[in-house]
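In order, the protein sequences belong to chains A and B. The first sequence begins at 49 in our numbering and counts up one residue at a time. The second sequence begins at 260 in our numbering and counts up one residue at a time. Quick reminder that beta carbons are idealized off the backbone N, C-alpha and C, glycines included. Here's the structure we're looking at; comments come further down.
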Amino acid sequence: MHPAPSIILFTTLSGLGFGLLTFLGLGMPGSTGFTAFVFFTIAYLLAVGGLLFSTFHLGHPERALKAFSQWRSSWLSREGICAVAALVVMAIYGIGRVFFAQHWGLIGGIGAILSLLTVFTTSMIYAQLKTVPRWHMPLTSPLFMALSITGGALLAGQVQFVIPLLILSAIIQVAYWVMGDSRLAESGSTMESATGLGHIGKVKAFEPPHTGTNYLMREFIHVVGRKHAMKLRAIALVLGFALPLIFLLLPFGHIFALFAVFCHVAGILTSRWLFFAQAEHVVGLYYGKR
Amino acid sequence: MTTLPTSTQKKLGLVIDLDTCVGCHACVVSCKGWNTENYGAPLSDQNPYGGDPSGTFLNRVHSFEVQPDEGAAQLIHFPKSCLHCEDAPCVTVCPTGASYKRVEDGIVLVNEQDCIGCGLCAWACPYGAREMDASEKVMKKCTLCVDRIYNENLPEEDRQPACVRTCPSGARHFGDLADETSDVSILVAERGGFDLMPEQGTKPVNKYLPPRPKDTMEEFDILAPYLEPVAKDAGGFLGWLDKALDKLPGNSAGGAN
Chain A
49 MHPAPSIILF
59 TTLSGLGFGL
69 LTFLGLGMPG
79 STGFTAFVFF
89 TIAYLLAVGG
99 LLFSTFHLGH
109 PERALKAFSQ
119 WRSSWLSREG
129 ICAVAALVVM
139 AIYGIGRVFF
149 AQHWGLIGGI
159 GAILSLLTVF
169 TTSMIYAQLK
179 TVPRWHMPLT
189 SPLFMALSIT
199 GGALLAGQVQ
209 FVIPLLILSA
219 IIQVAYWVMG
229 DSRLAESGST
239 MESATGLGHI
249 GKVKAFEPPH
259 TGTNYLMREF
269 IHVVGRKHAM
279 KLRAIALVLG
289 FALPLIFLLL
299 PFGHIFALFA
309 VFCHVAGILT
319 SRWLFFAQAE
329 HVVGLYYGKR
Chain B
260 MTTLPTSTQK
270 KLGLVIDLDT
280 CVGCHACVVS
290 CKGWNTENYG
300 APLSDQNPYG
310 GDPSGTFLNR
320 VHSFEVQPDE
330 GAAQLIHFPK
340 SCLHCEDAPC
350 VTVCPTGASY
360 KRVEDGIVLV
370 NEQDCIGCGL
380 CAWACPYGAR
390 EMDASEKVMK
400 KCTLCVDRIY
410 NENLPEEDRQ
420 PACVRTCPSG
430 ARHFGDLADE
440 TSDVSILVAE
450 RGGFDLMPEQ
460 GTKPVNKYLP
470 PRPKDTMEEF
480 DILAPYLEPV
490 AKDAGGFLGW
500 LDKALDKLPG
510 NSAGGAN
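Here is the structure:
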């Protein structure tokens, strides 16, 4: 799949933002006044900023409101609704924390659940697609949720949670890669099933439909990143999980916490880039590019 | 609503004969010609006369080489457009309700006024049947020429999809695949029509007919007795000429020297 920067930034940043909102909703940290204002501002900048990035890849962003209508069938529509609901509920909760020094536990709890649901709906947009076997598997949602919660805990300064969460997410991340590598073969989609010509013999793409490229090839057949995939996986693991862990195990200092956050975000961006760049869409079979 | 109808009254679709398709791309041209100036946004081209041309097509013809275990490879031309699936994944993923499957005839269409151009439906389609128009920024797909097949302003023989009407080798057939007595259903039953990527669970309406088995030529040569090679001991004028030419310097048997 084409790794569109707008979608990589959106899923990474809003995942972090909603992860932070989850912890804030649960009262971790339970700060009030200006400190709470800073935390909520960071969370909203990430979550809303991410959502704004996501509109950059729309052909007609002016019609985006229509995307709230099809929650009965569409995960993308459900994501939009969950995101708005989470942001509205958490705004009410945040007002209590910032201006009235109140911890409205019920509202915060609902906001936390909605924030997590938003990340889940995002993950399901990818996990539902049978056409991309590497995404259509049980670990896609746990991966998105784990990364979001880990990033949230890191931003919320919940060090006691961050260390086990970093280890857990790293394990899910590696498992996702290992399982993902065999998903296309397991899906049963081959050039033979795509063309129905396997009973005659081995099928080979002889000529593409046109001499030039097209939307399908640009969108679905990204092969550039594959060459360095293993190196990038190592980089993502070191930046995303190993370095933050080391920084947090050092004697506590805000500067180390900041390093940990930046390393983690850079690692997750790398992992998210690979999530798209390595994903094989079955339409590539018609072009002999799998 | 982008939930799918549980059943449709008709299942209009195409039957494509891989045995007779000659790969001329006439269906590609007629499809683009009709659909760029009728239903919905035009099908734009980018840099059409430049070094890197590309454009929106609702129907494309691939060519595959299939190598049997024994014998020569076969070249099979493979037209591909929307298969109007019964369980169309492109419809249910649409967040706006722009994509829908018609209850009356099963045609999958896009309401372009509602399309936000998110591209998710194209991601959900295993066949590459949907293409985002780079100029109009809305999703384009085969409409089964919905503006031809019911169009009473056209002569009756033209009330079928442009690709079917134009195919010079009769490789494309249009009809109702829900009706077991229709010509297309009989064709599918007789020729063993099949689904593309059945493992994707999309239940495509369009069917493909497999190439017929190639016959093999037995070793026989009824003309052989009359086609004996040059006589060994030729007499007469030809015999004299043969000997005379042999005596000239140079090598007659081996071509140029």
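DSSP on residue i, reduced to helix/strand/coil?
i	result
R424 of chain B	helix
P338 of chain B	strand
D304 of chain B	strand
L413 of chain B	coil
E395 of chain B	coil
G514 of chain B	In this predicted model, G514 of chain B has a pLDDT of only 44, less than 50, meaning its place in the structure is not dependable enough to derive any value.
R418 of chain B	coil
G309 of chain B	coil
T60 of chain A	helix
Q333 of chain B	strand
R266 of chain A	helix
R274 of chain A	helix
R407 of chain B	helix
G288 of chain A	helix
G65 of chain A	helix
G509 of chain B	coil
G73 of chain A	helix
G81 of chain A	helix
Suppose contacts are defined by Cβ-Cβ distances below 8 Å. Is residue i in contact with residue j by that definition?
i	j	result
I335 of chain B	L403 of chain B	no
M456 of chain B	S237 of chain A	yes
D373 of chain B	R111 of chain A	yes
F337 of chain B	T243 of chain A	yes
G156 of chain A	G97 of chain A	no
M193 of chain A	S171 of chain A	yes
Q333 of chain B	K473 of chain B	yes
K360 of chain B	V369 of chain B	no
I220 of chain A	L264 of chain A	no
V274 of chain B	L468 of chain B	yes
V447 of chain B	F433 of chain B	no
G376 of chain B	V397 of chain B	yes
E458 of chain B	S241 of chain A	yes
T59 of chain A	R231 of chain A	no
G200 of chain A	T318 of chain A	no
C426 of chain B	C286 of chain B	yes
L296 of chain A	V207 of chain A	yes
D417 of chain B	R407 of chain B	yes
A430 of chain B	C280 of chain B	yes
A381 of chain B	E267 of chain A	yes
F316 of chain B	K291 of chain B	yes
Y335 of chain A	P212 of chain A	no
H329 of chain A	V180 of chain A	yes
Tell me the residue span of the alpha helix (DSSP H) that contains residue i.
i	result
N294 of chain B	A285 to T295
Y334 of chain A	Taken as a continuous stretch (DSSP letters only), Y334 of chain A belongs to no alpha helix (DSSP H), as it is neither H nor E.
K502 of chain B	G495 to K506
K279 of chain A	A277 to L285
V309 of chain A	H302 to A325
S171 of chain A	G153 to A175
S444 of chain B	D442 to R450
Can you tell me where the beta strand (DSSP E) with residue i in it begins and where it stops?
i	result
G107 of chain A	Neither: G107 of chain A is in no beta strand (DSSP E) and is coded neither H nor E.
E324 of chain B	N318 to Q326
Y467 of chain B	K466 to L468
I275 of chain B	L271 to D276
H432 of chain B	R431 to D435
Please list, in chain order, the chain E residues whose beta carbon lies closer than 7 Å to that of residue i.
i	result
Q419 of chain B	Absence of chain E from the displayed structure is noted, the protein chains being A and B.
Is any non-hydrogen atom of the ligand ZN found closer than 7 Å to the C-beta of residue i, if you look at the structure I gave you?
i	result
W152 of chain A	As far as ligands go, the structure on display features none, and thus does not contain the ligand ZN.
Taking 8 Å as the threshold, find out whether the region 239-247 of chain A comes into contact with the region 305-325 of chain A through three or more Cβ pairs.
Short answer: they don't touch.
Closer than 8 Å is the cut-off here; do at least three beta carbon pairs connect the region 113-133 of chain A with the region 346-355 of chain B?
Yes, they touch.
If you pair each beta-carbon of the region 147-159 of chain A with each one of the region 50-57 of chain A, do three or more pairs fall below 8 Å?
Short answer: they don't touch.
If we require 4 or more residues per run, which alpha helix (DSSP H) segments fall completely within the region 198-260 of chain A?
Counting only runs of 4 or more, we get 207-228, 231-235 and 239-243.
Whether or not the region 165-177 of chain A and the region 75-93 of chain A are in contact is what I'm after, with contact meaning three or more pairs of Cβ atoms, one per stretch, closer than 8 Å; do they touch?
Segments in contact, no.
Counting only runs of 4+ residues fully inside the region 83-149 of chain A, write out the alpha helix (DSSP H) ranges in chain order.
Secondary structure remark: continuous alpha helix (DSSP H) runs of at least 4 residues inside the region 83-149 of chain A, in chain order: 123-148.
Would you check if there are 3 or more beta carbon pairs closer than 8 Å linking the region 324-333 of chain B to the region 308-318 of chain A?
Remark: fewer than three beta-carbon pairs, one from each stretch, lie closer than 8 Å, so the region 324-333 of chain B and the region 308-318 of chain A are not flagged as touching.
In chain order, which beta strand (DSSP E) runs of at least 3 residues are fully inside the region 348-404 of chain B?
Whole beta strand (DSSP E) segments, 3+ residues: 358-360 and 367-369.
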